[in-house]
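Undergrad: Here you go, one structure.
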RNA sequence: GCCCUCGUAGCUCAACGGAUAGAGCACCAGCCUUCUAAGCUGGUCAUAGAGGUUCAAUUCCUCUCGAGGGCACCA
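Numbering (the numbering used here), first residue to last: 21 to 570.
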């Protein structure tokens, strides 16, 4: 358990002992024992506002309440408690506890930061899931990095995590893709024919057309749709293969499952789902279509499952897919990343899961799309019109590390403005280099220190520079950050933490020499090794490299 | 028209309902005989507007204004 967790547990015990009446309020959740980091180091290392919330139950002034709590509290790692301001209880750690942390971190290495919070529960993280009808967009990229990173965090927090990409290999958009390629190919062969507006306009259509052996123009007996149906499998494979290669090789994201929508048709799982919903009396017929009563579960209108032309909508197989996650694949929790352009889909999927008894187990994270700025103006993007900057182009321009950091920096709800010119020009100013530089600097010191005698003097003395302490405190927080993010999904805390850690190291570096007169002192030497490990752990969790040299 | 998200410094973004609203970029002024100056130190500048709830509001509620997304038998 983290120190933060220990403090919270001890505090809860103390409160219940002091005010037995508080139990009910605590269980109802009308207040929680919450420990956070104070805004200033003069307020200690941990703080809680619990006394302020509790004073009504305790029937005494907040400051008095705080004093009672502070007086009773005791934990081996905690030196003292203080009451401050309107009634905060602040906790100060023992120097001896802090100074033992570097050694502990060096021993644990990559394991430092891992926890058993998840107790081995199974979590599915589905992200990207973009239609294989065109290149990935910047919006897809944001979801890609957030999804992959959250999966990393959950995995470190003790969950068994699987990454899913749902491949929309059925439906009309695949037909349009195949038709687009065919028409482009024929036109390039000198056949005079139209290129309708509903076809995809991007250059990648030509690229596919060039790279495949396609049938020559001969529409005498067979119709275009027949020819199209014969070749669409190959085109889909080519398109999906490109995405898979890019995602795996270039982005370094390893999906455990590329789940085919089509497979749900073939295996009969989709039909079975319809039967299940029928037996639950959740469907009805209207105007020759089959509808799901999603309004009974919080959706604002009922939804079509089977269209009047007897073809299923996207919704039905998706319900089957998600149901399968909970039943056959035994996930305790499913997380789904959705771009804001699909946010309206969330309520109906939630409704379906509720109807099937999986209520509360599906978390949908909606992230805002990326607004692209170029030449000082917004660039409107459209896949259909072929006007867009692809994710791959961005990665080529700024590199995967800078791109990852940039997308992870912002909370999902942020409407990000992405200035392409700035991103290309200023990659050197990207904070990711600041963090990586800290890591490289430590590596450099360690190289220089190789073979030098280690002096056993200098543990922690109050005369040492405060940055040494600050660094130790920050390092010790790492496991708590991991657990927090596993619960709040606030991935943008990772770059923040990494940056703060790097700042403290750079500060430490300018004030404290590790190598001095041909020898190294034990404490700073251990401290930078620990800092290196934690920096590498944070960067790795974000999927960013930790360079030894820069 | 209805629904979702957002509005914080010149720009891009932080801040479980908490203490003096923080960073980066940009701009100004300093710091390299010593482990990597992609660094460090200091400085200027902000909660869209109006009400309300609260001991405490950038955060919650209502309205106004502005931005993005959505309101299909598309996905």
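Note that CB positions come from ideal geometry on N, CA and C, so glycine has one too.
Because the structure is a prediction, the values reported are computed rather than measured.
Taking only runs that begin and end inside the stretch 161 to 221, name each unbroken alpha helix (DSSP H) of 4 or more residues, in chain order.
TA: Runs found: 192 to 208.
Undergrad: Residue 573 by DSSP, collapsed to three states: which one?
TA: Any question about residue 573 goes unanswered here, given that the chain covers just 21 to 570.
Undergrad: Just the Cα atoms here: how many angstroms apart are residue 80 and residue 26?
TA: In the first chain, the residue the question calls residue 80 occupies position 60. In the first chain, the residue the question calls residue 26 occupies position 6. Distance between the alpha carbons of residue 80 and residue 26: 26 Å.
Undergrad: Starting from the N-terminal side, write out each stretch of the beta strand (DSSP E) that is 3 residues or longer and does not extend beyond the stretch 361 to 390.
TA: 382 to 387
Undergrad: Buried or exposed: residue 22, going by 16 or more other Cβ atoms within 10 Å of its Cβ?
TA: The count along the first chain starts at 1 and reaches residue 22 at position 2. Classification for residue 22: buried.
Undergrad: Let me check one thing: in DSSP terms, what residues is residue 332 bridge-paired to?
TA: Along the first chain, read from residue 1 onward, the residue named residue 332 stands at position 312. DSSP output for residue 332 lists 326 as bridge partner(s).
Undergrad: Please report the distance separating the alpha-carbon of residue 199 from that of residue 393.
TA: Walking along the first chain from the start, residue 199 turns up at place 179. Walking along the first chain from the start, residue 393 turns up at place 373. Those two C-alpha atoms are separated by around 33 Å.
Undergrad: Among the candidates 32, 73, 38, 568, whose CA atom is the shortest distance from the CA of residue 106?
TA: Locating residue 106 in the first chain gives position 86, counting from the first residue. Nearest option by C-alpha distance: 73.
Undergrad: Look up residue 354 in the DSSP assignment and say whether it is helix, strand or coil.
TA: For the purposes of this step, residue 354 is identified with residue 334 of the first chain, where counting begins at 1. The answer is strand: DSSP assigns residue 354 an E or B state.
Undergrad: For the beta strand (DSSP E) that contains residue 309, what are its first and last residues?
TA: On the first chain, position 289 is the one that residue 309 refers to. Taken as a continuous stretch (DSSP letters only), the beta strand (DSSP E) holding residue 309 covers 309 to 312.
Undergrad: Just verifying my parser: in three-state terms, what is the DSSP assignment at residue 481?
TA: Taking the first chain and counting its residues from 1, the one referred to as residue 481 is at position 461. With a pLDDT of 47 at residue 481, under the threshold of 50, the modelled position of that residue is not reliable, and the figure given next carries that caveat. For residue 481, the secondary structure class from DSSP, reduced to helix, strand or coil, is coil.
Undergrad: Between the Cα of residue 318 and those of 538, 345, 366, spot the shortest distance and give me the residue it belongs to.
TA: Taking the first residue of the first chain as position 1, residue 318 is located at position 298. Among 538, 345, 366, the Cα nearest to that of residue 318 belongs to 366.
Undergrad: Roughly how many angstroms separate the alpha carbons of residue 363 and residue 382, rounded to a whole number?
TA: Here the question's residue 363 lines up with position 343 in the first chain. Here the question's residue 382 lines up with position 362 in the first chain. Cα-Cα distance, rounded: 14 Å.
Undergrad: Can you give the Cα-Cα distance for residue 333 and residue 165, rounded to whole angstroms?
TA: Working through the first chain from its first residue, we reach residue 333 at position 313. Working through the first chain from its first residue, we reach residue 165 at position 145. Cα to Cα, residue 333 sits roughly 29 Å from residue 165.
Undergrad: With a 10 Å radius around its C-beta and 16 neighbouring C-beta atoms as the bar for buried, classify residue 429 as buried or exposed.
TA: The residue you call residue 429 lines up with position 409 of the first chain. Answer is buried; the Cβ neighbour count reaches 16.
Undergrad: How close, in whole Å, do the beta carbons of residue 488 and residue 532 come, if the pair is a contact with beta carbons under 8 Å?
TA: By one-based count along the first chain, residue 488 stands at place 468. By one-based count along the first chain, residue 532 stands at place 512. With a Cβ gap of about 6 Å, residue 488 and residue 532 count as contacting.
Undergrad: Let me make sure I understand the geometry here. Which of 485, 503, 452, 541 has the alpha-carbon closest to that of residue 567?
TA: Taking the first residue of the first chain as 1, we reach residue 567 at position 547. Comparing Cα positions, the closest option is 452.
Undergrad: So if DSSP puts residue 278 in a beta bridge, which residue, or which two residues, is it bridged to?
TA: Taking the first chain and counting its residues from 1, the one referred to as residue 278 is at position 258. Looking at the DSSP assignment, residue 278 forms a beta bridge with 185.
Undergrad: Return the Cβ separation of residue 494 and residue 524 in integer angstroms, given the expectation that the two are a contact with Cβ distance under 8 Å.
TA: Position 474 of the first chain, counting from 1, holds the residue named residue 494. Position 504 of the first chain, counting from 1, holds the residue named residue 524. That pair is a contact at about 5 Å.
Undergrad: By a C-beta neighbour count over all protein chains shown, 10 Å radius and 16 as the cutoff for buried, is residue 252 buried or exposed?
TA: Working through the first chain from its first residue, we reach residue 252 at position 232. With 16 or more other Cβ atoms within 10 Å, it is buried.
Undergrad: Is the stretch 283 to 295 in contact with the stretch 335 to 343, if contact means three or more CB pairs nearer than 8 Å?
TA: yes
Undergrad: For residue 305, does the three-state DSSP call read helix, strand or coil?
TA: Against the first chain, residue 305 aligns to sequence position 285. The answer is strand: DSSP assigns residue 305 an E or B state.
Undergrad: Ordered along the chain, which non-local residues of its own chain (more than five positions away) have a Cβ less than 7 Å from that of residue 390?
TA: For the purposes of this step, residue 390 is taken as the residue at position 370 of the first chain. When the five nearest sequence neighbours on each side are left out, the beta carbons in the same chain lying within less than 7 Å of the beta carbon of residue 390 are those of 158, 159, 162, 436, 438, in order along the chain.
Undergrad: Answer yes if the stretch 308 to 326 comes into contact with the stretch 368 to 379, meaning at least three C-beta pairs across the two stretches below 8 Å, and no otherwise.
TA: yes
Undergrad: Within its chain, find whatever has a CB closer than 7 Å to the CB of residue 315; leave out the 5 residues flanking it on each side and keep chain order.
TA: To locate residue 315, count along the first chain from 1; it is residue 295. Correct list, in chain order: 321, 322.
Undergrad: Is it a yes or a no for the stretch 132 to 152 touching the stretch 467 to 476, going by three-plus beta-carbon pairs under 8 Å?
TA: no
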